[in-house]
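Trainee: Residue numbers (the numbering used here): 2 to 97.
#1: Within the chosen definition, does the stretch 79-88 reach the stretch 30-50 through at least 3 CB pairs nearer than 8 Å?
#2: Kindly provide the ranges of any alpha helix (DSSP H) runs that are 4 or more residues long and lie completely inside the stretch 41-80, ordered along the chain.
#3: Rounded to the nearest angstrom, what separates residue 10 and residue 25 at their Cα positions?
#4: In terms of residue numbering, what span does the alpha helix (DSSP H) encompassing residue 12 cover?
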């Protein structure tokens, strides 16, 4: 628990730096997209290959979409992904 506490304290301190916060917030968006994609696919009991078939793409592409390091999301990709997962995509601008 000490390690977690130190990490949280360090992160809180780092987030005071505007440059760090900007980068952190951007990373959080990409990570969230990847994690949501994998979680929804798994809840629907779909394999990556089955989702790929729905998207008319390859399993490797689905694997990349579920990779938190992926930066290649387009709005069209997100729309197609939402449709393939029987979800509605909601994109909105919110106050900081």
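All C-beta atoms, glycine included, are put in the ideal place defined by N, C-alpha and C. Model, not experiment: these values are computed from the prediction.
Mentor: If we stick to the structure as given:
#1: Because the criterion of three Cβ pairs below 8 Å is met, the stretch 79-88 and the stretch 30-50 touch.
#2: Listed in chain order, the alpha helix (DSSP H) runs fully inside the stretch 41-80 are 49-56, 60-66, counting runs of at least 4 residues.
#3: Their Cα atoms are separated by approximately 15 Å.
#4: 3-15 is the extent of the alpha helix (DSSP H) around residue 12.
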